[in-house]
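Student: Counting from 1, one number per residue, gives the positions in the sequence shown under UniProt numbering.
For every residue, glycine included, the Cβ atom is placed at its ideal position computed from N, Cα and C.
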Amino acid sequence: MPPSFPFTPLSPRLALAALPLVLAACAGTREPPAPRIELPAGFQYANTEANAPAVPIDPEWWRAYGDPELDALLRRVAEANPELAQAEARWRQALSQVDAARALALPSLGAGVGVTRSGGGTTSSGASAGTRRLYDAGLDLSWTPDLWGRAAREREAAAAGADAQAALLDAGRLALQLAAAQGYVRLRALDAHLALQAEADVAFARSLQITRLQYEAGLVARADVIQAETQLQSLRTQAFTITRQRALEANALALLAGATPSDLPIAVREGALPGVPPVPAALPADLLRRRPDLAAAERQLAAAHARLGIAQTAWLPDLSLSASVGWQASSFARLFDTPSRVWSLGPQLAATLFDGGARRANEALFTAAYDEQAAAWRAGVLAAVRETEDALAQLGTLAEQERQQARLVELANENERVVGYRYEAGEISFLEVATAQNLALSARRAALDVRAERLAASMALVAALGGGWQPRP
1 MPPSFPFTPL SPRLALAALP LVLAACAGTR EPPAPRIELP AGFQYANTEA NAPAVPIDPE
61 WWRAYGDPEL DALLRRVAEA NPELAQAEAR WRQALSQVDA ARALALPSLG AGVGVTRSGG
121 GTTSSGASAG TRRLYDAGLD LSWTPDLWGR AAREREAAAA GADAQAALLD AGRLALQLAA
181 AQGYVRLRAL DAHLALQAEA DVAFARSLQI TRLQYEAGLV ARADVIQAET QLQSLRTQAF
241 TITRQRALEA NALALLAGAT PSDLPIAVRE GALPGVPPVP AALPADLLRR RPDLAAAERQ
301 LAAAHARLGI AQTAWLPDLS LSASVGWQAS SFARLFDTPS RVWSLGPQLA ATLFDGGARR
361 ANEALFTAAY DEQAAAWRAG VLAAVRETED ALAQLGTLAE QERQQARLVE LANENERVVG
421 YRYEAGEISF LEVATAQNLA LSARRAALDV RAERLAASMA LVAALGGGWQ PRP
């Protein structure tokens, strides 16, 4: 049996008529211009922090702060945060799409077997024809050659999408770890505030005791005693606000770590906040290689570019090759006998001549999607530069503010001591003592806040520079 072809050959005149359409379709598959953005040669606020030496960023960047509890917390965030688990699942979904796209360029083979019964009608003598049983089995092989690179573009888009999801997973991890690190700094700053409250409570209680003794001796008025009691009570009331804020910060850290507050208790710890490590080194162009969110935006742009190429090839005809072999017989025992075999083999060329503008609209859709991703990439780069500049500006001003605040604390402490001596000598009223004590306490509180804010800005700078991120192989 000769092979059967599912199409009739085109006449030379029809082929010549179709040639301009194919050439026009090929000319329509144009490459969109690559997005560009001019980056500055350096950061405006890069040299504002006291000539600190520039250092590279360790992937475990939080270790530079020398806090084992912070290290354990951020590791737990990376392992147990439910948002990261969702991002990891999206990455695995993207990997499966890569495998599915890879299969588009391969032949497909199908097999089938069945049995049918039929009846009805009469023979030439008028008797009933009865029922017939027909067994059939067959194999079908089909393959669509990737003449226009459509399958390759599908693989490219899927691979770029998987890379983007991997980078988004890393970007999400960095963002959550930054939030946890900054929340941990706030928590420890509140611990330091509680310790400061306890010290001030002792000092204010001592002042109240001295005032009562002087009142009993007739040296001061009752108003001084009332003022000392009011000052102490106000201090003790403020402690509840700090305790409440600490509880909320601890609850937020437990959520980031994928645990309940009872499963992740963070005990109150006394001691100074850690020092601020040196400013890491970076150039603006390095942001394109060191930030996972920018890498994700670039990969999403590449995926949009590939999908636009797929939409442009929709104008081109498709060539498919198919082959099939089958067997049919009235009994299963004779199914695979040679006389019952049928087969077919042949190519098929198909093209859409008119679709009401659907392909043009689809191409316009993916062109707009590509432009959107290009704008998102440019916006991401500009935002990364701004975040880095913000962190550098904060670090520079906060470093100087911390030095000035330390001097203010020294002066306020000295003033508190001098005023206390004068009050015990009966030279002044308690109003001046209360003013000096509150000024010293306010200066010490502000010093803690500046140190915590400087630590948070340092962490924000590390995150803005990518947090030591390296692209996956």
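Rounded to the nearest angstrom, how far is the Cβ of GLY468 from that of ASP58, given a contact under 8 Å?
Tutor: Here residue 468 is taken as the residue at index 468 of the sequence shown, counted from 1. Here residue 58 is taken as the residue at index 58 of the sequence shown, counted from 1. Rounded, the Cβ-Cβ distance is 5 Å, consistent with contact.
Student: Whose CA, out of LEU178, ILE226, ALA189 and GLU216, lies closest to the CA of VAL77?
Tutor: Here residue 77 corresponds to residue number 77 of the sequence shown, with the count starting at 1. Taking only the C-alpha atoms, the option nearest VAL77 is LEU178.
Student: Compute the distance between the beta-carbons of ALA374 and LEU301, then report whether it is under 8 Å.
Tutor: Within the sequence shown, residue 374 is the residue found at index 374, counting from 1. Within the sequence shown, residue 301 is the residue found at index 301, counting from 1. The answer is yes: Cβ separation under 8 Å.
Student: Would you call the segment 204-224 and the segment 447-465 touching, i.e. three or more CB-CB distances under 8 Å?
Tutor: The segment 204-224 is not in contact with the segment 447-465.
Student: Quick check on VAL115: does DSSP put it in helix, strand or coil?
Tutor: By one-based count along the sequence shown, residue 115 stands at place 115. Three-state result, VAL115: strand.
Student: Return the CA-CA distance between LEU408 and ALA159, expressed in angstroms with no decimal places.
Tutor: As a first step, residue 408 must be located in the sequence shown, where it is residue number 408. As a first step, residue 159 must be located in the sequence shown, where it is residue number 159. Each residue's alpha carbon lies about 58 Å from the other.
Student: Could you check what DSSP says for LEU461 in three-state terms: helix, strand or coil?
Tutor: Here residue 461 refers to the residue found at position 461 when the sequence shown is read from its first residue. Three-state result, LEU461: helix.
Student: Shortest alpha-carbon distance to GLU79 belongs to which of ASP449, ASP191, LEU256 and ARG236?
Tutor: Within the sequence shown, numbered from 1, the residue matching residue 79 stands at position 79. The residue with the shortest Cα to Cα distance from GLU79 is LEU256.
Student: What is the DSSP secondary structure of ASP71, reduced to helix, strand or coil?
Tutor: If you number the sequence shown from 1, residue 71 lands on position 71. Of the three classes helix, strand and coil, the one that applies to ASP71 here is helix, per DSSP.
Student: Is TYR421 buried or exposed, if buried means 16 or more other CB atoms sit within 10 Å of its CB?
Tutor: Residue mapping note: residue 421 aligns to position 421 of the sequence shown, counting from 1. Classification for TYR421: exposed.
Student: Which whole-angstrom value is the C-beta distance of VAL419 and ILE428, which I expect to be below 8 Å?
Tutor: Start at 1 with the first residue of the sequence shown, and residue 419 comes out as number 419. Start at 1 with the first residue of the sequence shown, and residue 428 comes out as number 428. About 7 Å separates the two Cβ atoms, so the contact holds.
Student: Sort GLN404, GLN470, ALA192 and ALA157 by Cα distance to VAL268 and report the nearest one.
Tutor: The residue labelled residue 268 in the question sits at position 268 within the sequence shown. Checked all of GLN404, GLN470, ALA192 and ALA157; the closest Cα to VAL268 is ALA192.
Student: Report the option in ARG132, ALA452, ALA111 and VAL325 whose CA atom is closest to the CA atom of SER118.
Tutor: Here the question's residue 118 lines up with position 118 in the sequence shown. When each option's Cα is compared against that of SER118, the closest is ARG132.
Student: Let me know the secondary structure DSSP gives GLN86 once reduced to three states.
Tutor: What you label residue 86 is simply residue 86 of the sequence shown in a count that begins at 1. Of the three classes helix, strand and coil, the one that applies to GLN86 here is helix, per DSSP.
Student: Should the segment 155-171 be regarded as contacting the segment 82-97, the criterion being three or more beta carbon pairs within less than 8 Å?
Tutor: Yes, the segment 155-171 is in contact with the segment 82-97.
Student: For GLY326, which residues does DSSP report across the bridge?
Tutor: On the sequence shown, position 326 is the one that residue 326 refers to. Answer is GLY138 and VAL342.
Student: Assign ILE266 to one of two classes, buried (16 or more other C-beta atoms within 10 Å of its C-beta) or exposed (fewer than that).
Tutor: Counting from one through the sequence shown, the residue named residue 266 turns up at place 266. It counts as buried.
Student: Identify the residues that DSSP records as bridge partners of ASP318: which are they?
Tutor: As a first step, residue 318 must be located in the sequence shown, where it is residue number 318. Looking at the DSSP assignment, ASP318 forms a beta bridge with ALA350.
Student: Is DSSP giving residue 479 helix, strand or coil here?
Tutor: What is shown of the chain runs 1 to 473, which leaves residue 479 out entirely.
Student: Taking Cβ positions, are ALA46 and LEU316 nearer each other than 8 Å?
Tutor: Stepping through the sequence shown from its first residue, residue 46 is reached at position 46. Stepping through the sequence shown from its first residue, residue 316 is reached at position 316. No, Cβ-Cβ distance for ALA46 and LEU316 is not below 8 Å.
Student: Would you mind reading off the limits of the alpha helix (DSSP H) that contains GLU298?
Tutor: By one-based count along the sequence shown, residue 298 stands at place 298. GLU298 -> alpha helix (DSSP H) spans 292-312.
Student: Our contact map puts ARG186 next to GLU249 with C-beta atoms below 8 Å; I'd like the distance itself, whole angstroms only.
Tutor: Residue 186 sits at position 186 when you count from the first residue of the sequence shown. Residue 249 sits at position 249 when you count from the first residue of the sequence shown. With 8 Å as the limit, ARG186 and GLU249 qualify as a contact, their Cβ atoms being about 5 Å apart.
Student: Quick check: what's the CA-CA separation for GLY101 versus ALA303?
Tutor: Taking the sequence shown and counting its residues from 1, one reaches residue 101 at position 101. Taking the sequence shown and counting its residues from 1, one reaches residue 303 at position 303. The amino acid occupying residue 101 in the given sequence is Ala; Gly does not appear at that position. Spanning the two alpha carbons is a distance of roughly 13 Å.
Student: Once the 5 residues before and after TYR370 are set aside, which same chain residues still bring their CB inside 7 Å of it?
Tutor: Here residue 370 is taken as the residue at index 370 of the sequence shown, counted from 1. Same-chain partners within the cutoff: PRO32, ALA304, HIS305 and LEU308.
Student: Going by the CB atoms, is the gap between GLN470 and residue 482 shorter than 8 Å?
Tutor: One cannot answer for residue 482 here, as it falls past the ends of the chain, which runs 1 to 473.
Student: Any heavy atom of the ligand COA closer than 7 Å to the beta-carbon of PRO280?
Tutor: This structure simply doesn't include the ligand COA, nor any ligand for that matter.
Student: What does DSSP give as the partner residue(s) for LEU109 in the beta ladder?
Tutor: Translated into positions along the sequence shown, residue 109 becomes position 109. According to DSSP, which records beta bridges pairwise, LEU109 is partnered with LEU141.
Student: Alpha carbon to alpha carbon, how far is SER234 from VAL220?
Tutor: Numbered from its first residue, the sequence shown carries residue 234 at position 234. Numbered from its first residue, the sequence shown carries residue 220 at position 220. In a straight line, the C-alpha of SER234 is about 22 Å away from that of VAL220.
Student: In whole angstroms, what is the alpha-carbon distance linking ALA406 and LEU365?
Tutor: Taking the first residue of the sequence shown as 1, we reach residue 406 at position 406. Taking the first residue of the sequence shown as 1, we reach residue 365 at position 365. Whole-angstrom Cα-Cα distance: 60 Å.
Student: Near GLU298, what residues of its chain come up, given a Cβ to Cβ distance below 7 Å and the 5 sequence neighbours on each side ignored?
Tutor: As a position in the sequence shown, residue 298 is number 298, starting the count at 1. TRP377, listed in sequence order.
Student: Using a Cβ-Cβ cutoff of less than 6 Å, which residues in the same chain neighbour ALA197 once the five nearest sequence positions on both sides are dropped?
Tutor: What you label residue 197 is simply residue 197 of the sequence shown in a count that begins at 1. According to the sequence provided, residue 197 is Gln. The question's Ala does not apply to it. The answer, listed in chain order, is ALA239.
Student: Hey, GLY42 and LEU283: beta-carbon distance below 8 Å or not?
Tutor: For the purposes of this step, residue 42 is identified with residue 42 of the sequence shown, where counting begins at 1. For the purposes of this step, residue 283 is identified with residue 283 of the sequence shown, where counting begins at 1. Closer than 8 Å, so yes.
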